[in-house]
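Q: With this note's numbering, the residue at position 83 of the sequence shown is 111, and numbering never jumps.
So that we are looking at the same thing, I have put the structure below in structure tokens.
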Amino acid sequence: YYTFYNLNKTKIYHHENDTLKDWVLKDTHPKDVFLTPMFATHPILLAGRSIFFGWPYFAWSAGYPTHIRMPQYERLYAAETVEEFKFLLMGTSIDYMLHEEGFMRDLQWQKGIYQKILDIAYQDERNRIIYKVPKDWSY
């Protein structure tokens with residue numbers, strides 16, 4: 029495993045042999061975009077993939093308009109109809125959506141339509157589920 033230290037000496041552990049990271053490296057394209065809960069660090073990021081939103085502090089402090097993307101991000105996870113979900117995906121280039129128990133901020137997200145209409149591309153023993161977004165839905 030790796031140990032990273034930040035300025036206040038808080039330790040963050042990342043296991044080098046993570047099955048999710050290995051899957052991302054092997055089965056996705058380097059330019060694929062993931063929709064994830066708000067993470068500052070995650071195996072998807074350690075695999076070098078882009079995420080649609082991520083932890084907002086870094087983008088916000090660099091001057092990006094996070095206040096515009098945040099509502100779209102939240103609605104994607106909570107969309108209740110196929111039509112709303114497809115509309116929200118338009119123009120995002122999102123290829124995959126991650127559902128990870130314990131990191132879903134709102135119980136409403138637990139009931140999002142995406143779980144019923146997208147195919148599972150990856151699932152592991154830690155109940156991390158990655159859904160594949162059809163190409164013609166997000167472009």
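Glycine included, every Cβ here is placed at the ideal spot set by N, Cα and C.
Note that the coordinates shown come from a computational prediction; the quantities given were computed from them, not determined experimentally.
Pull up the DSSP beta-bridge partners for residue 151, would you.
A: The partner list for residue 151 (beta bridge, DSSP) reads 157.
Q: Rounded to whole angstroms, what's the CA-CA distance from residue 71 to residue 143? Just pull it up for me.
A: Approximately 21 angstroms between the Cα atoms of the pair.
Q: Should the stretch 148–156 be called in touch with the stretch 48–59, which here means at least 3 C-beta pairs below 8 angstroms?
A: Flag = yes, the stretch 148–156 and the stretch 48–59 touch.
Q: Is it buried or exposed for residue 79, if we count other Cβ within 10 angstroms and need 16 for buried?
A: With 16 or more Cβ atoms within 10 Å of its Cβ, residue 79 is classed as buried.
Q: Name the residue from 46, 122 and 163 whose alpha carbon lies nearest to the alpha carbon of residue 101.
A: Per the Cα distances, 122.
Q: Which residues in the same chain as residue 47 place their Cβ atom closer than 6 angstroms to its Cβ, once the five residues preceding and following it in sequence are excluded?
A: 152, listed in sequence order.
Q: If I measure Cβ to Cβ from residue 135 and keep anything under 6 angstroms in the same chain, skipping five residues before and after, which residues do I get?
A: Only weak support is given to the placement of residue 135: the predicted model assigns it a pLDDT of 46, under 50, and the value that follows is read from those uncertain coordinates. Taken in chain order, the list of residues that qualify is empty.
Q: CA-CA distance, residue 140 and residue 116?
A: Between residue 140 and residue 116, the C-alpha separation is close to 13 angstroms.
Q: From residue 85 to residue 64, what distance separates their C-alpha atoms?
A: Spanning the two alpha carbons is a distance of roughly 15 angstroms.
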